Structures are given as C-alpha cells and as structure tokens.
Amino acid sequence: MEVKYTIEDIKTAIDSGMKPVEIASRLGKSKGALSSFMKRHGIQRKKLNLSVDFLEDQIFVQGKSQKEVAAKLDVNITTVNRFIVKYRLKMDVCQKCGDRFHASKNTMKWCSDSCRFWNYVNTREDDECWPWVGKNVTEEGYGRFSFNKGNKPTTMTCPRYAHIDAVGPILDEEDTRHTCDNPICCNPAHLTCGSHGDNMRDCSERGRIVPGRKKGDERYKVTKADMEKMKELYSKGLGYKTIQKLHFSHVHFTTIQRHIKGTVSHKPE
Ligand SMILES: [Zn+2]
Ligand SMILES: [Zn+2]
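With numbering that gives the first Met the number 0, letter number 144 in the sequence shown gets 143, and the count goes up by one each step, no holes.
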C-alpha cells in the first residue's frame with residue numbers, strides 16, 4: 000500500500016534510523032527517486048558518526064570487533080567494512096616485521112615485497128651465510144625473487160634484491176657478487192656490487208655500504224643498551240621495520256628481530 004509522506008515525515012523517519020531504502024519502498028518509489036527527492040528538498044541522510052580516528056580507537060585501542068562497532072553505530076557491518084577498505088585501515092599485522100598494514104587481499108601475509116623476501120631467507124648469525132630458502136632456484140644456485148616494480152612484474156636474483164633492499168639502489172649494468180662464494184647466500188654483509196673485481200671501494204664511496212656493515216664486526220653493532228631499547232620499543236607495539244627506520248638505520252631489521260627474540264648476543268660489555 001502506498002503511504003503519503005511529507006518532507007517532515009521523511010526527515011523524522013530518517014532521524015529515527017529508518018533506512019532510505021525502507022522509506023522508498025513504503026512510498027512506492029525507487030531508492031534513486033527518493034534520494035533525488037531528498038536532495039531537492041535538502042533532506043540530509045542520517046549522519047554516520049564514522050571516522051578513521053574513531054574506528055582506529057575502537058578497534059586498536061579498545062579492541063572492539065567490526066561487528067561491535069557496527070552495532071554501536073547502529074549501522075550494517077558492511078558499512079563499517081566498506082569504510083575500512085576505502086580508507087585502507089591497517090587491520091592486519093605483517094608476519095615478518097610486525098607492523099600493521101592494510102591487506103588488499105585476505106591472503107596477504109606481509110606488508111611489503113621486502114618482508115615477503117626476507118621471510119624466505121634464513122637469517123642466521125650476522126657473520127654467517129643467510130641462505131635463500133624459497134622455491135625458485137636456478138641451476139647456478141641463485142635464488143630468484145619476483146615482485147611488481149611499479150605495475151611491471153619483475154624477477155631478479157635474490158642476492159641482487161637483498162643488496163638493493165638492505166643497502167641501496169645499484170645500476171642496471173652492475174652485478175652483485177659474493178665475498179663468501181656461496182650463490183644462495185643473501186647476507187648483505189657478504190655482498191658487494193659492481194662489474195669489476197676491485198669495485199668495493201667504488202661502492203662504498205657512493206655511500207652504498209651502510210657504515211659498520213663490514214664483514215666480521217656485523218654482530219657487534221648492537222650494544223646491550225641498544226638491545227634493551229629495541230625490546231622496549233617492540234613491547235610498545237612497534238614492528239621491527241619501524242624500529243629500524245626510527246632508531247637503528249644501520250642494523251638490518253631481521254637482526255633487530257633476532258635481538259628482540261634473544262637468539263643472538265649483543266656486543267660484549
Ligand atoms: Zn612487514
Ligand atoms: Zn654468505
């Protein structure tokens with residue numbers, strides 16, 4: 000049965016929480032017709048009290064589920080989920096670095112290609128070789144890693160990726176070479192870039208070798224105080240990569256991870 004609604008009736012219905020689609024069906028109108036009618040007469044939709052700050056507080060500080068937030072706001076859970084996708088809220092925790100990130104697919108486990116890469120490297124003591132344990136290995140014994148550079152699918156050898164990720168960019172014509180003669184190794188401390196035998200100096204002159212990243216003293220870059228600071232920051236909820244970025248840019252983030260987990264020893268006092 001068609002019901003006659005006045006502008007005031009529609010306003011009251013909206014304020015009482017009735018959904019526009021419901022009102023439209025009672026009026027025998029389409030949702031589109033109702034919404035242009037509302038627009039014409041300046042009738043506002045019920046204001047949704049949803050913002051990124053509010054949602055982050057509810058979910059990350061107060062630990063509420065999306066369902067609970069939706070119930071609190073008296074909206075559909077789809078509304079909350081759509082908002083999360085639209086503003087790319089960081090709902091997921093990277094399995095490698097522990098930082099929060101927004102997974103666009105629910106199968107994504109890592110916040111970045113870098114974390115996906117290091118997940119497949121067995122990062123042992125800082126002065127040992129770090130073998131690639133991923134699937135793709137060439138006949139020459141190099142691991143190969145695929146990722147999107149911009150939107151272009153790219154594959155490079157794992158040592159090359161490791162060097163670029165941990166130390167910095169290298170030129171297209173340059174290669175990475177191992178000082179340990181172990182092709183599967185991805186330890187940045189065992190890698191050097193260039194196309195000639197004596198290019199180590201070259202490399203470091205261009206600022207590509209992180210200070211202190213020399214073979215041998217790698218494991219002693221972290222003092223007891225450093226280690227305690229790392230643990231403290233981690234306990235406050237910072238991921239390994241964030242801790243690296245903010246305070247320990249000279250230490251690889253997997254090294255920070257190992258110090259926090261207590262699997263390596265710090266510099267002797
Ligand atoms: Zn990560
Ligand atoms: Zn090595």
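Yeah, the Cβ is synthetic: ideal placement off N, Cα and C, and Gly gets one too.
A quick note: this is a predicted structure, and the numbers were derived from the prediction, not measured.
Roughly how far, in whole angstroms, is the beta-carbon of residue i from the beta-carbon of residue j, given that I think they are within contact range, below 8 Å?
{"i": "Thr11", "j": "Trp117", "result": "Not really, about 58 Å apart at Cβ, beyond 8 Å."}
{"i": "Trp131", "j": "Asn186", "result": "Not quite, the Cβ-Cβ distance comes to about 11 Å (not below 8 Å), so this is no contact."}
{"i": "Ala23", "j": "Ser29", "result": "6 Å"}
If you draw a straight line from the alpha carbon of residue i to that of residue j, how long is it in whole angstroms?
{"i": "Lys151", "j": "Asp112", "result": "14 Å"}
{"i": "Ile76", "j": "Ala188", "result": "49 Å"}
{"i": "Cys157", "j": "Phe144", "result": "6 Å"}
{"i": "Val68", "j": "Asn105", "result": "20 Å"}
{"i": "Pro267", "j": "Gln57", "result": "44 Å"}
{"i": "Arg207", "j": "Cys179", "result": "The pLDDT assigned to Arg207 is 42, lower than 50, so where the model puts this residue is not dependable; a value taken from the coordinates is nonetheless given after this. Near 19 Å, if we compare the C-alpha coordinates of Cys179 and Arg207."}
{"i": "Asn121", "j": "Gly62", "result": "34 Å"}
{"i": "Lys18", "j": "Ile83", "result": "21 Å"}
{"i": "Gly133", "j": "Cys110", "result": "18 Å"}
{"i": "Arg218", "j": "Gly261", "result": "Since pLDDT at Arg218 reaches only 49, below the 50 mark, its modelled position is unreliable, and the value read off the structure follows with that caveat. The straight-line gap from Cα to Cα measures roughly 13 Å."}
{"i": "Lys214", "j": "Asp126", "result": "Bear in mind that a pLDDT of 41 at Lys214, under 50, signals an unreliable position, so the number given afterwards is only what the model happens to contain. About 7 Å."}
{"i": "Lys240", "j": "His101", "result": "16 Å"}
{"i": "Asn181", "j": "Val250", "result": "22 Å"}
{"i": "Met155", "j": "Thr137", "result": "11 Å"}
{"i": "Ile169", "j": "Thr175", "result": "9 Å"}
{"i": "Val221", "j": "Met107", "result": "32 Å"}
{"i": "Arg87", "j": "Phe146", "result": "21 Å"}
Output the boundary residues of the alpha helix (DSSP H) element that contains residue i.
{"i": "Asp112", "result": "Asp112 to Asn118"}
{"i": "Pro19", "result": "Pro19 to Leu26"}
{"i": "Thr78", "result": "Ile76 to Lys85"}
{"i": "Arg157", "result": "A quick correction: the sequence has Cys, not Arg, at residue 157. Per DSSP, Cys157 belongs to the alpha helix (DSSP H) from Cys157 to Ala165."}
{"i": "Thr270", "result": "Outside the modelled stretch of the chain, which goes from 0 to 268, sits residue 270, for which no answer is possible."}
{"i": "Leu33", "result": "Lys30 to Arg39"}
{"i": "Lys228", "result": "Lys223 to Ser234"}
{"i": "His177", "result": "First-last for His177: Asp174 to His177, but that is the beta strand (DSSP E), not the alpha helix (DSSP H)."}
{"i": "Leu245", "result": "Tyr239 to His246"}
Say yes only if the C-beta of residue i is nearer than 8 Å to one or more non-hydrogen atoms of ligand 2, and no if none qualify.
{"i": "Cys184", "result": "yes"}
{"i": "Glu231", "result": "no"}
{"i": "Asn121", "result": "no"}
{"i": "Glu138", "result": "no"}
{"i": "Asn117", "result": "Here residue 117 is Trp; the residue named in the question, Asn, does not match the sequence. The answer is no for Trp117."}
{"i": "Trp129", "result": "yes"}
{"i": "His177", "result": "yes"}
{"i": "His251", "result": "no"}
{"i": "His189", "result": "yes"}
Cβ-heavy atom distance between residue i and ligand 1 below 8 Å?
{"i": "Cys93", "result": "yes"}
{"i": "Gly142", "result": "no"}
{"i": "Asp14", "result": "no"}
{"i": "Lys104", "result": "no"}
{"i": "Gly149", "result": "no"}
{"i": "Ser111", "result": "yes"}
{"i": "Gly238", "result": "yes"}
{"i": "Asp98", "result": "yes"}
Could you pull the start and end residues of the beta strand (DSSP E) that residue i belongs to?
{"i": "Thr253", "result": "First-last for Thr253: Phe252 to Lys260, but that is the alpha helix (DSSP H), not the beta strand (DSSP E)."}
{"i": "Leu170", "result": "Careful: Leu170 lies outside any beta strand (DSSP E) and carries neither H nor E."}
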